[in-house]
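J.: Note that the protein sequences, when read in sequence, are chains W and Y. Numbering that gives the first Met the number 0 applies: residue 0 is where the first sequence begins, and numbers increase by one. Numbering that gives the first Met the number 0 applies: residue 0 is where the second sequence begins, and numbers increase by one. Note that the Cβ used here is the ideal one computed from N, Cα and C, for glycine as well. All values reported here derive from a predicted model rather than from experimental measurement.
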Amino acid sequence: MRIFTSVNVAYLDRALILQETIKRFNPDWIFTLFLVDEVPADSKVQNFLEEFDQVILAKDLKIPNFEHWIRRFSVVEACTAIKGFALEYTLGYGEDAIYLDPDIAVFNNLDVIQELLHTNDIVLTPHILGPENDQMAIIDAEINALKHGIFNLGFIAVRYSPEGLRFANWWAWRLYDFCIEDFSRGLFVDQKWIDLVPVLFNNVLIWKHKGANVASWNISQRRIICEEGSYLVDGAPLLFLHFSKARSDGPPMSMRYGYDNIPLSHLWRWYIDRLNLNVKKIPTKHVWTYA
Amino acid sequence: MNLTKKFLLDSITRRYFDSKFYINQLHSVDMTTEDPWQHYQNVGWKVGFSPSANFNIDQYWNANPDVFTSEIEPLRHWLKTGKKENRQFKSSPWENPDIRELLSENFNSTFYLNFNELKFVPASDALGHFCRVGWRLNYDPNPNFDTLFYKTFERLELELKYPYFLHFLLNRKNLERSLTYPRRKYAWDLANVGGITPRITPKAVYRKSQSPTYTTTTLNEILGILIANNYIFSNQSIISWGNNNYLKLNGGIEVILWHELQDCISASINHIYIYREVVTNADNEQELNYYSAIINGLPEIHLDLELLDILLKRLSEKSIIKAFHLHGKIFSEVQDINQVSTYAVERKYIVHDYSFICSSYTLLRNEIEYCSAPEPSSNLCQTCIAGSGRAQHVANHQRLLEENQFSVVSPSPVAAEIFSQTFPTIKIKIRPHLNFNESSEVRSSSTVKDKKYRIAFTGHSVHHKGWNQFAEFVRHVASRNDFECFHLGKGLQMNNVKFIQIDSTNGKSNMRTALEENEIDIVFQWSLWPETFGLVTAEAIAAGCLVITNSLSGNTGQMATAHDRSLIFDSFEQLLQYHDSGDLEAEVTRRKRSQKTNKLDIQWNSFIDLDDSK
Chain W
0 MRIFTSVNVA
10 YLDRALILQE
20 TIKRFNPDWI
30 FTLFLVDEVP
40 ADSKVQNFLE
50 EFDQVILAKD
60 LKIPNFEHWI
70 RRFSVVEACT
80 AIKGFALEYT
90 LGYGEDAIYL
100 DPDIAVFNNL
110 DVIQELLHTN
120 DIVLTPHILG
130 PENDQMAIID
140 AEINALKHGI
150 FNLGFIAVRY
160 SPEGLRFANW
170 WAWRLYDFCI
180 EDFSRGLFVD
190 QKWIDLVPVL
200 FNNVLIWKHK
210 GANVASWNIS
220 QRRIICEEGS
230 YLVDGAPLLF
240 LHFSKARSDG
250 PPMSMRYGYD
260 NIPLSHLWRW
270 YIDRLNLNVK
280 KIPTKHVWTY
290 A
Chain Y
0 MNLTKKFLLD
10 SITRRYFDSK
20 FYINQLHSVD
30 MTTEDPWQHY
40 QNVGWKVGFS
50 PSANFNIDQY
60 WNANPDVFTS
70 EIEPLRHWLK
80 TGKKENRQFK
90 SSPWENPDIR
100 ELLSENFNST
110 FYLNFNELKF
120 VPASDALGHF
130 CRVGWRLNYD
140 PNPNFDTLFY
150 KTFERLELEL
160 KYPYFLHFLL
170 NRKNLERSLT
180 YPRRKYAWDL
190 ANVGGITPRI
200 TPKAVYRKSQ
210 SPTYTTTTLN
220 EILGILIANN
230 YIFSNQSIIS
240 WGNNNYLKLN
250 GGIEVILWHE
260 LQDCISASIN
270 HIYIYREVVT
280 NADNEQELNY
290 YSAIINGLPE
300 IHLDLELLDI
310 LLKRLSEKSI
320 IKAFHLHGKI
330 FSEVQDINQV
340 STYAVERKYI
350 VHDYSFICSS
360 YTLLRNEIEY
370 CSAPEPSSNL
380 CQTCIAGSGR
390 AQHVANHQRL
400 LEENQFSVVS
410 PSPVAAEIFS
420 QTFPTIKIKI
430 RPHLNFNESS
440 EVRSSSTVKD
450 KKYRIAFTGH
460 SVHHKGWNQF
470 AEFVRHVASR
480 NDFECFHLGK
490 GLQMNNVKFI
500 QIDSTNGKSN
510 MRTALEENEI
520 DIVFQWSLWP
530 ETFGLVTAEA
540 IAAGCLVITN
550 SLSGNTGQMA
560 TAHDRSLIFD
570 SFEQLLQYHD
580 SGDLEAEVTR
590 RKRSQKTNKL
600 DIQWNSFIDL
610 DDSK
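1) Quick one: does Y/Leu-551 have its CB under 9 angstroms from some CB of chain W?
2) What is the C-beta distance between Y/Ile-567 and Y/Gly-556, in whole angstroms, given that I count them as a contact (C-beta under 8 angstroms)?
3) Along the chain, where does the alpha helix (DSSP H) that runs through Y/Pro-64 open and close?
4) Is Y/Glu-530 close to chain W? Criterion is C-beta to C-beta, closer than 9 angstroms.
5) Identify the continuous beta strand (DSSP E) that holds Y/His-486 and give its terminal residues.
6) Who are the neighbours of W/Gly-228 on chain Y, taking C-beta pairs under 8 angstroms?
7) Relative to the alpha-carbon of Y/Asn-113, which residue among Y/Phe-606, Y/His-326, Y/Leu-222 and Y/Val-496 has its alpha-carbon at the smallest distance?
8) Can you list, in chain order, the residues of its chain with a C-beta nearer than 7 angstroms to that of Y/Arg-75? Leave out the 5 residues immediately preceding and following it.
9) Can you list the residues of chain Y that W/Arg-23 reaches, using a CB-CB cut of under 8 angstroms?
10) Whole angstroms are fine: how far does the CA of Y/Pro-121 sit from the CA of Y/Trp-44?
11) Using the Cβ count rule (16 or more neighbours within 10 Å means buried), how would you classify W/Phe-187?
12) Round the Cβ separation of W/Tyr-291 and W/Phe-106 to the nearest angstrom and send it over; I've been treating them as touching at under 8 angstroms.
13) The segment 270-283 of chain W: which residues have C-beta closer than 9 angstroms to a C-beta of chain Y, in chain order?
14) Whole-angstrom Cβ separation of W/Asp-95 and W/Leu-116, contact assumed at under 8 angstroms?
15) Looking at the unbroken beta strand (DSSP E) that takes in W/Phe-33, where does it start and where does it end?
16) Kindly indicate which three-state DSSP category Y/Gln-58 falls into: helix, strand or coil?
17) With a threshold of 9 angstroms between beta-carbons, can W/Phe-239 be considered close to chain Y, or not?
18) Who are the Cβ neighbours of Y/Tyr-185 in its own chain at under 8 angstroms, not counting the five residues just before and after it?
19) Curious, which full-length alpha helix (DSSP H) runs of at least 4 residues does the segment 289-337 of chain Y contain?
20) Show which residues of chain W have a CB atom less than 7 angstroms away from the CB atom of Y/Arg-364.
21) Just how far apart, CA to CA, sit Y/Leu-225 and Y/Pro-412?
22) Is the segment 313-330 of chain Y touching the segment 295-302 of chain Y, taking contact as three or more C-beta pairs under 8 angstroms?
23) Is the separation between the beta-carbon of Y/Arg-275 and that of Y/Glu-332 shorter than 9 angstroms?
24) Run through the segment 179-219 of chain W for me and flag every whole beta strand (DSSP E) of 3 or more residues, listed as ranges in chain order.
25) Report the rounded CA-to-CA distance for W/Ile-271 versus W/Phe-51, giving the unit in angstroms.
26) State yes or no: is the C-beta of Y/Gln-261 within less than 9 angstroms of the C-beta of Y/Arg-131?
27) Does any residue of chain W have a CB that is nearer than 9 angstroms to the CB of Y/Gly-386?
28) Closer than 8 angstroms by C-beta to W/Thr-79: which residues in its own chain qualify, once you throw out the five before and the five after it? Chain order, please.
29) Could you check if W/Thr-292 is buried or exposed, using at least 16 other CB atoms within 10 Å of its CB as the buried criterion?
30) For W/Phe-106, which residues in chain Y fall below 8 angstroms Cβ to Cβ?
31) In the DSSP assignment, the beta strand (DSSP E) including Y/Asn-600 goes from what residue to what residue?
32) Which residues in the same chain as Y/Glu-483 place their Cβ atom closer than 6 angstroms to its Cβ, once the five residues preceding and following it in sequence are excluded?
33) Buried or exposed for Y/Ala-561, going by 16 or more other Cβ atoms inside 10 Å?
34) Write down the C-beta distance between W/Phe-242 and W/Ala-104 rounded to the nearest angstrom, noting that I regard them as a contact closer than 8 angstroms.
35) Whose C-alpha, out of W/Glu-180, W/Ala-77, W/His-67 and W/Thr-20, is nearest the C-alpha of W/Asn-7?
36) Select from Y/Asn-63, Y/Asn-61, Y/Glu-84 and Y/Tyr-15 the residue whose C-alpha is nearest the C-alpha of Y/Pro-50.
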């Protein structure tokens, strides 16, 4: 199994937490970091990159007209725009692949995903799993999902199979042309395209595991508890949690809907602390290469 | 504006001012000595008091937000420009009857008046006061709603033109998932999570240029002066190792160090106390260990390890270094302790906290709740801010104890048990720091007429000592107004709590005196972790107070129970229920009648020979 993420230098601090937490439970899986940036001359960054299993520069993905193409995007768009090509590249090793956003941390063995890929070609996690009951939550959760995409692309798992490769190729080229945020045309970077996947491709699993991709947008419908040293989400093991917007609205948004959830408090405190430790290892001022 | 125009405008504005109407609004202010007009000019309009029945400030502000933000007195604004511009008055949406009813249903008048100390406001006008003035001053409407917290929690950066409490009622309470009020004790941490401060225990940080390190010459000069003036005894010495200057700080460990010093001086034994000061090299940010030594209670001298070594060599030539007492937490100075402790014949580690088990020395996981020190490899430890490197931390401390043949002394069974769970092979002896004797003094009856029972938080108002729970308790009891609340110690202050600063430097405990002088009946010691000792609890017991605590508070609960002074609860909610049912008040009365609250004397055990079995 191969697992990968896509970042610029500013998000390396998060990506390292992702790799560390994956390795804690699945030490044999190979983690690939796709860096949408040039490697700075700063030795601190170079030392930091040494800590990853494998680092591939986005410019080495052989994307046509890369230097010109990548500069069309904002940094967020660029990091998502290469995801399709990165997926193709990863599947090229002849193994199944999982993409996780860099601001995710893993809290359990992910073998269950490998098992799902025995019988499915594509595995997706929806933003929300059930209907909301009140106006504010309908706006925050359901309307947001209609706007930004049904599925959260912080996670996708793809089998090394003809269908998986067909999907990766389709996605790569859609993102090559249309990885932008243009709500008037129904586009939202890499994510909105995935609404079409259950229709356009076969063997797609909409995975409704409560412990997968827990995040501020679904925490109101999931309750984390800590039992005998393990984190459980409505009885299911917590697999991975999306610490979205850790430096801005993430903690308050999570706590707005899960404010009396003590295990969630623990996890956020731990994550921010780990982030603070990593930040010390890399320079804070780095201008994105493709700005 | 020239002076004539200003005078004219003042006079006109004053004509519109109705003193009688104005005074009627001000239940909370003593207006017998103050001119209402001056009060309105200086304070009143800013907090929303209207100048007359015909000019409602709220309505003017609501219709004209630019005036609200301009900081111009509204009546003056209307007279000068608003009238010409045909500015309107608009009722605030929150003034409609349905909204008032919603507020009324969730408003607690008794709490509001007591907690916010509004002595002049009649109960019938409490809600009116809140609507007119109180909400602007961040007064809280009921025990469960903390306005300032809510503003921070919800990140309401814009000033609302209506009560934040109403914002909560309209926006959050309608949500099915949010029927309860925000729970501060957990959510505070999260609301501020982005700004977590470094977890390392406070340390003295100096820049290199400011580091007053002595030279060999100055050290020799100092030693010469000390010896010539008989400040150094020639018989025996004890080296004591801690974290802070005990002559300047006043925590529990510092009081014990002061007693250790007194015991040494009484027995003509040198007391050489050493603590680390981290010096950060300004050029490369590298941290270096420097040390300060306090010899027989004299002012500290600043040394590096080399000079410290010279000092101890000189002393060992002159006297036998009987023991090395390790009192503090250890950071990066393990090697230095290895080196220094070899000068002593025997080595003792005195347990004051759980810093050998984890760098979070209270064992509060993520600084939130007690963790019981699980395996370092466990999921719980791996998702704690102190978890990474804990396995190494434990191994380093184990090696220090074993290689230097430290014996371990715990002041309580509970601390010994927790220590032994992590270090099962290290022998540990239980030896209390103090004992209690029957006192000849009897607690005198109160001099205060119709005195309510008094409850006090003692010590520093920090999270792990249960300050947040005390704050919740104060808010809760304000609804019944059946207890008077005090904070004896240092740190934060809050409404409806009488604060008395206590300074205990030089080992003198003023806490006991303060408890007695203020006729405190109950001490609130809701430690969130198992206290190893609990000095403030000992002082409360000696002063004849009952101790409210929880079943996780370690020696706090055990010491109070041993002297029949404890009220122990399994949860904070249980304590609140106990109070609400009237049982708390009844139990205090019962204990007082049965003479269970007499005074006791504290007898400190010697800190020289920690093997004696007193």
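T.: This is what the structure gives:
1) no
2) Going by Cβ atoms, the distance from Y/Ile-567 to Y/Gly-556 rounds to 5 angstroms, so yes, they are a contact pair.
3) Note, Y/Pro-64: alpha helix (DSSP H), 64-69.
4) no
5) 482-489
6) Pro-373, Ser-377, Asn-378 and Leu-379
7) Y/Val-496
8) Leu-8 and Thr-12
9) Gln-381
10) For the pair Y/Trp-44 and Y/Pro-121, the Cα-to-Cα distance works out to about 22 angstroms.
11) buried
12) No answer is possible for residue 291 of chain W: it lies beyond the span of chain W, which begins at 0 and ends at 290.
13) Tyr-270, Ile-271, Asp-272, Arg-273, Asn-275 and Leu-276
14) 5 angstroms
15) 29-34
16) helix
17) no
18) Caution applies to Y/Tyr-185, whose pLDDT of 43 falls short of 50 and renders its modelled position unreliable; the model cannot decide the point.
19) 304-317
20) His-265
21) 41 angstroms
22) no
23) yes
24) 203-205
25) 20 angstroms
26) no
27) yes
28) Ser-5, Leu-152, Leu-174, Cys-178, Val-188, Asp-189 and Gln-190
29) Because residue 292 of chain W is not part of the residues shown, which for chain W are 0 to 290, the question remains open.
30) Asn-378 and Thr-382
31) The sequence as given places Asp at residue 600 of chain Y; Asn does not occur at that position. Segment 599-603, the beta strand (DSSP E) holding Y/Asp-600.
32) Lys-451 and Arg-453
33) exposed
34) 6 angstroms
35) It is W/Ala-77.
36) When C-alpha distances from Y/Pro-50 are compared across Y/Asn-63, Y/Asn-61, Y/Glu-84 and Y/Tyr-15, the shortest belongs to Y/Tyr-15.
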